[in-house]
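Residue numbers (this note's numbering): 4 to 84. C-beta atoms are modelled at their ideal positions from N, C-alpha and C, and glycine is treated no differently. Structure first, then comments.
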C-alpha cells in the first residue's frame, strides 16, 4: 500500500486533522489557535461600544477559559523536561 497517495475523503469537511497527530501536538496547536483568537478578539472588541462590546468580551472570556483548560492539560499530561 502506498501511503504517499492522498486518502479519498467521504467527509464534507473542508479541513481535517492529520491522522496520527499526537495528543501533545493537537493540544499545542489548539492552544495556539485559541491564543490567536483571543488576540484578534481583543483587538476587535475595543472597536465596539455598548452591548456589542460586552458580548464580544464575554465570548473572549469563554475562549480564554477553554485555553486555560487546554494549557493545564498540556502541562499535566506532557510536563516540560
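Backbone secondary structure at residue 50 - three-state DSSP:
As a first step, residue 50 is located in the chain shown; it is residue number 47 there, counting from the start. In this structure, residue 50 counts as coil in the three-state DSSP scheme.
If you count every other CB in all the chains shown that lies within 10 Å of the CB of residue 51, and 16 or more means buried, which is it?
Taking the first residue of the chain shown as position 1, residue 51 is located at position 48. With a 10 Å radius around the Cβ and a threshold of 16 neighbouring Cβ atoms, residue 51 comes out exposed.
What is the DSSP secondary structure of residue 17, reduced to helix, strand or coil?
What you label residue 17 is simply residue 14 of the chain shown in a count that begins at 1. If DSSP states are grouped into helix, strand and coil, residue 17 belongs with coil.
Exposure of residue 4, with buried meaning 16 or more beta-carbon neighbours within 10 Å:
For the purposes of this step, residue 4 is taken as the residue at position 1 of the chain shown. The predicted model places residue 4 with a pLDDT of 48, which falls under 50 and marks its position as unreliable; any figure quoted below should be read in that light. The Cβ neighbour count for residue 4, taken over all protein chains shown within 10 Å, is under 16; the residue is labelled exposed.
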